[in-house]
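Heads up, the thing below is written out as structure tokens.
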Amino acid sequence: GENVEQHPSTLSVQEGDSAVIKCTYSDSASNYFPWYKQELGKRPQLIIDIRSNVGEKKDQRIAVTLNKTAKHFSLHITETQPEDSAVYFCAARSYGTGKLIFGQGTTLQVKP
Amino acid sequence: EAGVAQSPRYKIIEKRQSVAFWCNPISGHATLYWYQQILGQGPKLLIQFQNNGVVDDSQLPKDRFSAERLKGVDSTLKIQPAKLEDSAVYLCASSPSMEFGYGYTFGSGTRLTVV
């Protein structure tokens, strides 16, 4: 079935360092890949997304890359700040129904 | 624009009791999703509606869970009878259409504790 694998499950970095979270999807027909940030006790919030016809997208300190051949996409956060600490989820959109399949989440801790 | 509204925010029930959650999506959003998020895990889709029709309910435990979206707007998710393993946050999300690659907008969720 459709599946999204996300790594690492936890990531701890020093403030100012970069953080990278990686995801692999199984459905080769997936065409849309959003990333969500979820703070403790709050709803997931969309932070960046990429469509299958684009290889890279950047928004200030956040970037996402997509390798369709390898069915792999990654989130890059540069110059991390303590407020970046949260759980991050990747997702892949099922082409048929449009539903999002989520990864297991990465808990990012940015130490001041 | 107003966000996705969910109620209640919290609910504590005993096992074998029943419970219902309500969701009102963003106005004009045709697609509505119910997700279950168990602590420490990613959201798992329970059911997807397009207007008032079910698109995908393959992971809905139909012996105890039911959902409806009668007029194609708001939706209700019910659990009867509840089990301890149903303790989770139930997230409702909506998007303009399942044909477009829009990210969802999530509601604040309902945190269910079954004791």
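Chains as they are written, first to last, in the working numbering: chain A, 184 to 295; chain B, 39 to 153. Where is the CB? At the ideal position from N, CA and C, for every residue including glycine.
Remark: C-beta atoms of A/Val-196 and A/Thr-289 do not approach each other more closely than 8 Å.
It is roughly 16 Å from the alpha-carbon of B/Ala-120 to the alpha-carbon of B/Pro-46.
Linking A/Asp-210 to A/Lys-241 through their CA atoms gives a straight-line distance of about 24 Å. Cβ contact annotation for B/Ser-125 (same chain, cutoff 7 Å, sequence separation greater than five): Leu-150, Thr-151 and Val-152, in chain order.
As a beta-bridge residue in DSSP terms, B/Gly-91 pairs with B/Gln-88. B/Ser-132 has its alpha-carbon roughly 17 Å from the corresponding atom of B/Gly-80. According to DSSP, residue pairing for A/Arg-276 in a beta bridge involves A/Leu-283. Contacts with chain B at 8 Å (Cβ-Cβ) include A/Leu-229. Between B/Ser-146 and B/Gln-44 a beta carbon distance of about 6 Å is seen, short of the 8 Å cut, so the two are scored as contacting. Of the candidates A/Glu-188, A/Ser-201, A/Asn-186 and A/Val-187, A/Ser-201 places its Cα closest to the Cα of A/Ser-268. Residue nearest to A/Asn-250 within the set A/Leu-229, A/Phe-216 and A/Tyr-271 is A/Phe-216 (criterion: CA-CA distance). In this structure, B/Leu-115 and B/Asn-90 do not form a Cβ contact; the two beta carbons are roughly 15 Å apart against a cut-off of 8 Å.
Residues are counted here when their Cβ sits less than 8 Å from a Cβ of chain A; for the stretch 79–101 of chain B these are Gln-79, Gly-80, Pro-81, Lys-82, Leu-83, Gln-86, Val-93 and Asp-94, given in chain order. In the structure shown, B/Leu-150 adopts extended strand secondary structure according to DSSP, grouped into three states. Apart from the 5 residues on each side of it in sequence, A/Ser-277 sits with its Cβ closer than 7 Å to the Cβ of Glu-185, Asp-210, Ser-213 and Ile-284 in its chain, given in chain order. With at least 16 other beta carbons inside 10 angstroms of its own, A/Pro-227 counts as buried.
Of the candidates B/Ser-96, B/Arg-102 and B/Gly-66, the residue whose Cα lies closest to the Cα of B/Gly-41 is B/Gly-66.
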